[in-house]
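Q: For the record, in the first sequence the residue sitting at position 307 is 292 according to this note's numbering, with numbers rising by one throughout.
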Amino acid sequence: MSNAAEPANIMEAIVSLAKRRGFIYPSSEIYGGLNGFFDYGPLGAELKKNIRDCWWNDMVRRRDDIVGLESSIIMHPKVWEASGHVAGFTDPLVDCKVSKQRYRADQLFFAPVYIAQFALGRGSVGEASPPPSGFTWSNSPIFYVSALETENVEETLKEAAREHKRKKSIPGEFRLGGIRDMTEAKPEEIELIPSPATGEPGSLTEPRSFNMMFQTNVGAMTDASSVAYLRPETAQGMFVDFKNVVDTTRVKLPFGIAQIGKSFRNEITPRNFIFRSREFEQMEMEYFIHEDADWARCHEEWIAWCENWLKSIGLPASHLSRYTHPKEKLAFYSKGTVDIMFKYPFGVQELWGIAARGNYDLTQHATASGKPQELFDETSKKKFVPHVIEPAVGVDRILLAVLCAGYAVEDVTDEKGNVEKRTVLRFSPRIAPVKVAVLPLLKNKEQLTNRAKALHAKLQKRYAVQYDDGGAIGKRYRRQDEAGTPWCVTIDFETIEQPGDTFTLRERDTMAQRRITESELFSLLDEHVY
RNA sequence: GCGGCUAUAGUUUAAUGGUAAAACCUCUGCCUUCCAAGCAGGUGUCGUCGGUUCGAUUCCGACUAGCCGCUCCA
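1. With DSSP as the reference, please indicate the residues paired to LEU424 in a beta bridge.
2. Using the C-alpha atoms, what's the distance from ASN229 back to MET223?
3. Would you be able to state if there are at least three C-beta pairs under 8 Å between the segment 424 to 439 and the segment 467 to 482?
4. Out of PHE412, MET(-4), ALA439 and GLN483, which one is the CA nearest neighbour of GLU492?
5. Classify THR522: buried if its beta carbon has 16 or more other beta carbons within 10 angstroms, exposed otherwise.
6. Whole angstroms is fine: what's the gap from ARG165's alpha carbon to PRO311's?
7. Taking Cβ to Cβ, would you say ILE298 is nearer than 8 Å to ARG37?
8. Under 6 Å Cβ to Cβ from ASP324, same chain only, skipping five residues before and after it: list those, please.
9. From the DSSP output, in three-state form, read off PHE412 for me.
10. How about THR201 and ALA209: are their beta carbons less than 8 Å apart?
11. Going by the beta-carbon positions, is the gap between PRO192 and SER131 smaller than 8 Å?
12. Can you give me the Cβ contacts of GLY69 inside the same chain, cut-off strictly under 8 Å, excluding the 5 residues immediately before and after it?
13. Report buried or exposed for GLN451, applying the criterion of at least 16 other Cβ atoms within 10 angstroms of its Cβ.
14. Looking only at C-alpha atoms, which of ARG415, GLY455 and VAL421 sits nearest to ASN429?
15. Check ASP324 in the structure and name its three-state DSSP category.
16. When DSSP labels each residue in this structure, what does LEU305 get in the three-state scheme?
17. Which residue marks the beginning of the alpha helix (DSSP H) containing ALA146, and which one marks its end?
18. By alpha-carbon positions, which one of GLY157, ALA90, LEU93 and TRP65 ends up nearest to TYR99?
19. Rounded to whole angstroms, what is the Cα-Cα separation between THR408 and LYS328?
20. Closer than 7 Å: is that where the CB of GLU363 sits relative to any heavy atom of the ligand ATP?
21. In angstroms with no decimal places, state the Cα-to-Cα distance between ASP43 and ASN35.
22. Out of curiosity, what's the CA-to-CA distance linking GLU218 and GLY379?
23. Here's the rule: buried if 16 or more other CB atoms are within 10 angstroms of the residue's CB, otherwise exposed. What is ILE15?
24. Could you check whether the segment 45 to 60 touches the segment 285 to 302, counting it as contact only if at least three pairs of C-beta atoms, one from each stretch, sit closer than 8 Å?
25. Can you tell me whether THR480 is buried or exposed, with buried defined as 16 or more other CB within 10 angstroms of its CB?
26. Does the segment 390 to 406 come close enough to the segment 359 to 366 that 3 or more CB-CB pairs lie under 8 Å?
27. Please state if the CB of LEU2 and the CB of PRO418 are separated by a distance shorter than 8 Å.
28. When the distance is taken between beta carbons, is ASN344 closer than 8 Å to GLU405?
29. Exposed or buried, which one is VAL45 when buried takes at least 16 other CB atoms within 10 Å?
30. List, from N- to C-terminal side, the alpha helix (DSSP H) runs of 4 residues or more that fit wholly inside the segment 2 to 90.
31. Quick one: which unbroken beta strand (DSSP E) runs of 3-plus residues sit fully inside the segment 170 to 215? Chain order, please.
32. Less than 8 Å between the beta carbons of TRP129 and PHE159, yes or no?
33. Distance, Cα to Cα, PHE273 vs TYR318?
34. For the alpha helix (DSSP H) containing LYS247, list its first residue and its last residue.
35. Between the Cα of ALA340 and those of ARG282, PHE23 and PRO471, spot the shortest distance and give me the residue it belongs to.
36. Using the three-state DSSP reduction, which class does ARG382 fall into: helix, strand or coil?
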């Protein structure tokens, strides 16, 4: 059961297998591909659908307190203003071309420096304190200084100015012009501002803003009034439709609204296969609770629920861990966020975020829309805005996790003692793209193929199954191993010659074989596929 | 967006300034009584565009995509 693949190459092997077996293709490949986008092939589409269905069934259908929703991908642009995405998604960045350092423009401060000189010119500049008698300030800045955001930016900048004066032997008093950050720099100033890394000007780029929301235009006109965004998260749909759900579905606190759907983020660096892509699918649920409810307990319950759900689709507990966001890094409205982490081959990464968001979102939308988002408390006779616990997970990240966790290359020793490699994807039967493969032992015996086709047709009504009569039986077993099919049933001579109508059931993980009847097979599937 | 490395069949890899090879996979046929058997066939515009050259898959440049490191990840 050893994992023969080198850890360093394991992602490469998984990407290669995913392509070869039809799980995942690069998007638009015949045109050279498109960075950050992927297509799901026949097996990938089944796998992904199964993950969605498991989640939807467990989260919505098998609970009495959660209802489903499908909101539109393009929503009113004001939704994203209220949610903070229009402002908060813009992170202008500045690069230093020499040191290759990158800074957030709003965290990189600069100031022009003026030097006292004899009063030869036409008066002082700016709003500075009066110059010493007999001197006036230089008309234009002699040089610029810069500093990263610290507790005392002004002092740091002054220190930098003193240092520069000393190095360049510039005499006289100095004063700083207004301190600004790089987002406020004029184009002609960029060249003059020194890089914090080198201390020399000329290497900084203009601030470039990376708003991660994809923009489009709605309607025939392409102007400012038609701008709309592809949603960067599905959550806002649940908040915006909160009152609709409350008014039309008889839900009572605590209750949740769940949604599965595509979201879009123009990521600067898509990386790690489908882990961070620009078009991805989210499964989010907003669980609304009373403002006086014990949110911390509810939060913990949802974290545990999510962990158990991940285990139920076959992710090993050994690969799961928790990361609690430090208080000081939380958004001001957040009471706490815990990420369930997964040990991917490329590192331990965020899989499922469970955030206690207070009533921030509903309050924002109430303010922005002018429509109160309140419920009435019959006990206290007061209106209140519910708080929310939000478990948010990416389908694609789960799919990658089950691919990585299930992938194994084993050494198999045959009867003659030869060691061969067996590649297998150990998907849980719940999510496996193919539940069972139906194989006639031999292709050229009609009795076998007829019985096999009949069984296949019967299974096909309820389950994703495959019929395969190509090549030797061993090869077909291995082919199903690579597709992650948990069981194969082989129609052999015992099936048609012995009483009992039994088949060979071959298990993927152990390669063990046993006899099984048709009704036993259906019971087996019924037990494990739900 | 920056730096380094890379791009040959579906996959993994060769060779070569004179238009390419192997294995595996896949498909068709034959054969095959339980773990990638065998035989016979089929499937390739060397990522794209341009430059140098009599001639470029090979050398150069740009672009696109991938990997690694920065950066980013509300």
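By construction, the Cβ of each residue, glycine as well, lies at the ideal position given by its N, Cα and C atoms. Treat the numbers as computed from the prediction; the structure is a model and nothing was measured.
A: Inspection of the coordinates gives the following:
1. THR475
2. 10 Å
3. yes
4. PHE412
5. This structure cannot settle anything about residue 522, because the visible part of the chain is limited to -14 through 515.
6. 30 Å
7. no
8. TYR308, GLU335 and GLY338
9. coil
10. no
11. no
12. GLN349
13. buried
14. GLY455
15. strand
16. strand
17. 138 to 153
18. GLY157
19. 21 Å
20. No copy of the ligand ATP occurs in the structure displayed, which carries no ligand at all.
21. 12 Å
22. 10 Å
23. exposed
24. no
25. buried
26. no
27. no
28. no
29. buried
30. 27 to 41, 62 to 67 and 70 to 73
31. 200 to 202 and 212 to 214
32. Trp is not the amino acid found at residue 129; the sequence shown has Tyr there. Against a cut-off of 8 Å, the Cβ pair of PHE159 and TYR129 comes out as no contact.
33. 16 Å
34. Where LYS247 is concerned, there is no enclosing alpha helix (DSSP H), although the beta strand (DSSP E) it sits in stretches over 240 to 249.
35. ARG282
36. helix
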